[in-house]
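S.K.: Residue numbers (the numbering used here), protein chains in the order written: chain V, -2 to 104; chain X, 33 to 596. Ideal Cβ positions, reconstructed from N, Cα and C, are used throughout, including at glycine. Predicted model, so just to flag it, every value in this text is computed and none were measured.
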Amino acid sequence: MSNESVDSEVVKRVKANPKYQELVIRRSCYAWILSVSMLIIYYAFIVIVAFWPKSLGTKISPESVISVGIPLGVAIICSAFVLTGLYVRRANTKYDELIRQIKEEAK
Amino acid sequence: MNQLTGALLSLPVALWGSVAWAAEPGKADSGLNVTAIVMFFIFVMVTLGITYWAASQTKSAKDFYAAGGGITGFQNGLAIAGDYMSAASFLGISAMVFAKGYDGLIYSIGFLVGWPVILFLMAEQLRNLGRYTFADIVSYRLSQVPIRTLSAMGTLCTVILYLIAQMVGAGQLIRTLFGLPYEYAVIVVGFLMVLYVAFGGMIATTWVQIIKAVLLLTGASFIALVALNHTGFNLELFFKTAMESIKTSALADHKKIVADNKDLFAPGGLVSDPVSAISLGLALMFGTAGLPHILMRFFTVPNAKEARKSVFYATGFIGYFYILTFIIGFGAVMMVAPNPQYMDTAKGVLVGGNNMAAIHLAHATGGDLFLGFISAVAFATILAVVSGLTLAGASAVSHDIFANAICGGKVNEATEMKVSKISALVIGMIAIWLGIQFEKQNVAFMVGLAFAIAASANFPILFLSIHWKGLTTRGAMIGGTLGLVTTVTMVVLSKTVWVDVLGNKAPLFPYKDPAIFSMTLAFVGCWLFSKLDNSEQAKQERARFDAQQVRCEIGIGISEAAKH
């Protein structure tokens, strides 16, 4: 891959740009926050499944056959989609603009 | 091109030949399903037409491996979803919901939640650093030969295991659905996948996958809608009818649930203890991020922005698909279980096995014509997934082992592509052979093992090479090898292989899913041996991280790479 690696002068200029530091910190912060949110949602669910499986079988109301586990499961599926949407929205607006500026200034 | 034309012309003969053979009395296992075969035939003709077009578009290695980088985020989202929605997940998860209820949902959630994490921590980085295979990224600043060899091993193990499971599934499914003999089904699948991959490369593989994803989503939506309409879109009534239906069901699983005084709306026996639950969760979640045929899809889009959009769309499609399989599973409880036409009462399973739940529901909701359509879609699904797997395996052989590890990157594109096509042919033949060998074996553990290897060998080195400056070649080699070896050992010694396949009395390793141990060991191995590595080479590798990170973060240098 050495034939394609980035010119070291460009690397230096980019690294010295405060916008680059800002991008790295802000993006990785947001990415980790969202990742940890997904992990917490999922593993909280798995822990409930492993330790208190019966609680998921509780009916949503006395006259209903539907258990709380069903809307909860659907909500987790939706949360995955919503979290990706949140990231894409911020990346499309904020990060892409920062990246454009950094590239412009590195020329 | 002439070869392709020849192959295209011979195909109808081969297909119709097999049909004629199956039609002979006594040869086929069940009646020949003409509608399904005609519909599948149309699908094959269309996809071969696409392959013909794709072959004319495939001029460079970049076209062959990465569809020229010209796939949009939306298209790639569909293709990724298509790779993920295999026949196993369509039939298997709806069957699990049908037989066990809520457990099926737990499984599908595990399959889905890996996607957001892939987006947040890997998708854009993959696009910015890689060209054709995930080994491009791991070896970006590490030593080419050992890293490429290890990555190719991880890729081939995952691909072969996954392929065997798909081939055996294909043979059994097609025997049941189409009335074709097992061997013929496996050979037709193997033959077609090699055609798609060898002639059409990634362009054909992607479009086959997109078409199939659209067909599958449409078909599954139709089944689910008709099933919901059965109770006038009243969910309460829908689940209530299903609950009543299991009380009189002849299905063994349902009888057991009723006898145990349980229902389908709470977790059952799938997840028995916390260690297994978490271990399975890890394998499903991070295995996705280490599946080579999925990772390759990130190189088919032009830039990081399209890469991130593709995961957004893929997550949406896959999530929607799993909600559909849940409805389909309960729809089958309501409409298939009470109908003696679909039930093998003596054995307490569905006709053709419980995996037929979605297929029987298709018949119950849309009659013979729709059954034919769904059967054809199921066949198409297998075909599309095995093509993606074959391409990933062939790329590992040609790009990682041949072009970079053996020839040191000094090989022209035409030769590399030729090696890739030959590899596709060899992988195809191996897959057909293994598919036939494993006909009578229990292969259910193989997809699980493929996921566990992907999570414990491929994912740790890929993830650390992107995010951790300290990773060195030595650390990656030891950690990755540890992950690979421990996964295989633990699975072989566990109940799934040691008892169920090899016939021993008691398992030597108590847990079914090794990921919690093997993945941890891989990460610790990578970390420890990188830390201990004070060689000159290690220093240089760490020093190269800055340039890698700049490219990874802002994608500088990738547009240049895209031109050649």
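#1: Closer than 8 Å is the cut-off here; do at least three beta carbon pairs connect the segment 239 to 252 of chain X with the segment 423 to 439 of chain X?
#2: Output the residue ranges of the beta strand (DSSP E) runs that lie fully inside the segment 260 to 338 of chain X and measure 3 residues or longer, sorted by chain position.
#3: Take Met461 of chain X and list the residues in its own chain whose beta-carbon comes closer than 6 Å to its own, dropping the five residues that flank it on each side.
#4: If you count every other CB in all the chains shown that lies within 10 Å of the CB of Asn108 of chain X, and 16 or more means buried, which is it?
#5: Does the beta carbon of Arg340 of chain X sit closer than 8 Å to a beta carbon anywhere in chain V?
#6: With 7 Å as the C-beta to C-beta threshold (strictly closer), list the residues of the segment 133 to 161 of chain X near chain V in chain order.
#7: How would you call Glu94 of chain V, buried or exposed, if buried means at least 16 neighbouring beta carbons within 10 angstroms?
#8: Compare the C-beta of Lys91 of chain V with all C-beta atoms of chain X and state if any pair is closer than 8 Å.
#9: For the segment 286 to 297 of chain X against the segment 383 to 391 of chain X, do three or more pairs of beta-carbon atoms, one drawn from each stretch, fall closer than 8 Å, so that the two count as touching?
#10: Apply the 10 Å Cβ neighbour rule to Val368 of chain X and answer buried if 16 or more other Cβ atoms are within range, or exposed otherwise.
#11: Report the residue ranges of all alpha helix (DSSP H) runs contained in full by the segment 385 to 445 of chain X; include only those spanning at least 4 residues, in chain order.
#12: In chain order, what residues of the segment 250 to 269 of chain X put their CB closer than 9 Å to some CB of chain V?
#13: Identify the contact partners of Asp115 of chain X in chain V, using a Cβ-Cβ distance below 7 Å as the criterion.
#14: Once you ignore the five residues that flank Asn7 of chain X on each side, which residues in its own chain have a CB closer than 7 Å to its CB?
#15: Let me check understanding here. Comparing Cα to Cα, which of X:Phe483, X:Gly507, X:Ala394, X:Ser253 lies closest to Gly186 of chain X?
#16: Mind listing the chain C neighbours of Ile588 of chain X? Cutoff is C-beta to C-beta under 8 Å, in chain order.
#17: Taking only beta-carbon atoms, is Pro15 of chain V less than 8 Å away from chain X?
#18: Using a Cβ cut-off of 7 Å, pull out every chain X residue sitting near Pro50 of chain V, in sequence order please.
#19: Which one of X:Phe330, X:Ala127, X:Ala120, X:Thr521 has the shortest CA to CA distance from Leu161 of chain X?
#20: Please confirm whether Glu585 of chain X and Leu20 of chain V have their CB atoms less than 8 Å apart.
#21: Whose C-beta lies closer than 8 Å to the C-beta of Ala508 of chain X among residues of the same chain, with five residues either side of it excluded?
#22: Does DSSP classify Pro372 of chain X as helix, strand or coil?
#23: 8 Å is my cut-off, CB to CB: does Met275 of chain X come that close to chain V?
#24: Is there a C-beta anywhere in chain X that falls below 8 Å from the one on Ile43 of chain V?
#25: Listing by chain order, which chain V residues have their CB less than 7 Å from the CB of Phe271 of chain X?
#26: Apply the 10 Å Cβ neighbour rule to Trp29 of chain V and answer buried if 16 or more other Cβ atoms are within range, or exposed otherwise.
#27: Just by C-beta distance, which residues in the segment 63 to 85 of chain V are closer than 8 Å to chain X?
#28: Expressed to the nearest angstrom, what Euclidean distance is found between the alpha-carbon atoms of Lys59 of chain X and Glu215 of chain X?
#29: Consult DSSP for Leu212 of chain X and reduce its assignment to one of helix, strand or coil.
#30: On the three-state DSSP scale, how would you describe Leu560 of chain X?
#31: Per the DSSP calculation, Lys379 of chain X is bridged to which residue(s)?
#32: Apart from the five residues just before and just after Thr79 of chain X, which ones in its own chain have a Cβ nearer than 6 Å to its Cβ?
#33: Taking Lys337 of chain X as the query, report the chain V residues whose CB atoms sit under 8 Å from its CB, ordered along the chain.
#34: In whole angstroms, what is the alpha-carbon distance linking Asn89 of chain V and Gly398 of chain X?
M.R.: In brief:
#1: no
#2: none
#3: Start at 1 with the first residue of the second sequence, and residue 461 of chain X comes out as number 429. Within the same chain, Met461 of chain X has no close Cβ partners at all.
#4: Against the second sequence, residue 108 of chain X aligns to sequence position 76. The residue is buried, with at least 16 neighbouring Cβ atoms inside 10 Å.
#5: In the second sequence, counting from the first residue as 1, residue 340 of chain X sits at position 308. Closer than 8 Å: yes.
#6: Tyr134, Leu137, Ile138, Ile141, Leu144, Val145, Trp147, Pro148, Val149, Leu151, Phe152, Leu153
#7: Reading the first sequence from its first residue, position 97 is the one you call residue 94 of chain V. It is exposed - the Cβ of Glu94 of chain V has fewer than 16 other Cβ atoms within 10 Å.
#8: Translated into the one-based positions of the first sequence, residue 91 of chain V becomes position 94. Chain X, which has no Cβ nearer than 8 Å to the Cβ of Lys91 of chain V, makes this no.
#9: no
#10: As a position in the second sequence, residue 368 of chain X is number 336, starting the count at 1. Under this definition Val368 of chain X is a buried residue.
#11: 389 to 427
#12: Leu267, Glu268
#13: Taking the second sequence and counting its residues from 1, the one referred to as residue 115 of chain X is at position 83. Per Cβ cutoff of 7 Å: no residues; Asp115 of chain X is ~17 Å from chain V at best.
#14: A query on residue 7 of chain X cannot be resolved here, the shown segment of chain X reaching from 33 to 596 and no further.
#15: Numbered from 1 along the second sequence, position 154 holds the residue referred to as residue 186 of chain X. The residue with the shortest Cα to Cα distance from Gly186 of chain X is X:Phe483.
#16: In the structure shown, chain C does not exist; the protein chains are V and X.
#17: Residue 15 of chain V sits at position 18 when you count from the first residue of the first sequence. It does not: the Cβ of Pro15 of chain V has no partner Cβ on chain X nearer than 8 Å.
#18: Indexing the first sequence from 1 puts residue 50 of chain V at position 53. Near Pro50 of chain V (Cβ distances below 7 Å), the residues of chain X are Ala298, Pro299.
#19: Translated into the one-based positions of the second sequence, residue 161 of chain X becomes position 129. The shortest Cα separation from Leu161 of chain X among X:Phe330, X:Ala127, X:Ala120, X:Thr521 belongs to X:Phe330.
#20: Residue mapping note: residue 585 of chain X aligns to position 553 of the second sequence, counting from 1. Residue mapping note: residue 20 of chain V aligns to position 23 of the first sequence, counting from 1. Yes, the Cβ-Cβ distance between Glu585 of chain X and Leu20 of chain V is below 8 Å.
#21: Start at 1 with the first residue of the second sequence, and residue 508 of chain X comes out as number 476. Answer for Ala508 of chain X: Val170, Leu174, Ile179, Leu182, Ile493, Leu496, Ser497, Cys558, Ser562, listed in chain order.
#22: In the second sequence, the residue the question calls residue 372 of chain X occupies position 340. Residue state, collapsed to three classes: helix.
#23: Within the second sequence, numbered from 1, the residue matching residue 275 of chain X stands at position 243. Yes - at least one Cβ of chain V is within 8 Å of the one on Met275 of chain X.
#24: Counting from 1 along the first sequence, the entry for residue 43 of chain V is found at position 46. Yes, contact with chain X.
#25: Here residue 271 of chain X refers to the residue found at position 239 of the second sequence. Neighbours of Phe271 of chain X on chain V, chain order: Val62, Ile63.
#26: For the purposes of this step, residue 29 of chain V is identified with residue 32 of the first sequence, where counting begins at 1. Exposed is the call here.
#27: Ile63, Ser64, Gly66, Ile67, Gly70, Val71, Ile73, Ile74, Cys75, Ala77, Phe78, Leu80, Thr81, Gly82, Tyr84, Val85
#28: On the second sequence, position 27 is the one that residue 59 of chain X refers to. On the second sequence, position 183 is the one that residue 215 of chain X refers to. Confidence at Lys59 of chain X is low in this model, with a pLDDT of 33, below 50, so the placement of that residue should be treated as unreliable; the coordinate-derived value is given next. Rounded to the nearest angstrom, the two C-alpha atoms are 12 Å apart.
#29: The sequence position of residue 212 of chain X within the second sequence is 180, counting from 1. Residue state, collapsed to three classes: coil.
#30: Counted from its first residue, the second sequence places residue 560 of chain X at position 528. Helix at Leu560 of chain X.
#31: As a first step, residue 379 of chain X is located in the second sequence; it is residue number 347 there, counting from the start. Note: Lys379 of chain X sits in no beta bridge, so no partner.
#32: Along the second sequence, read from residue 1 onward, the residue named residue 79 of chain X stands at position 47. Here the set comprises Val240.
#33: Here residue 337 of chain X refers to the residue found at position 305 when the second sequence is read from its first residue. Within 8 Å Cβ-Cβ: Ala88, Asn89, Asp93.
#34: Position 92 of the first sequence, counted from the first residue, corresponds to residue 89 of chain V. Position 366 of the second sequence, counted from the first residue, corresponds to residue 398 of chain X. Whole-angstrom Cα-Cα distance: 43 Å.
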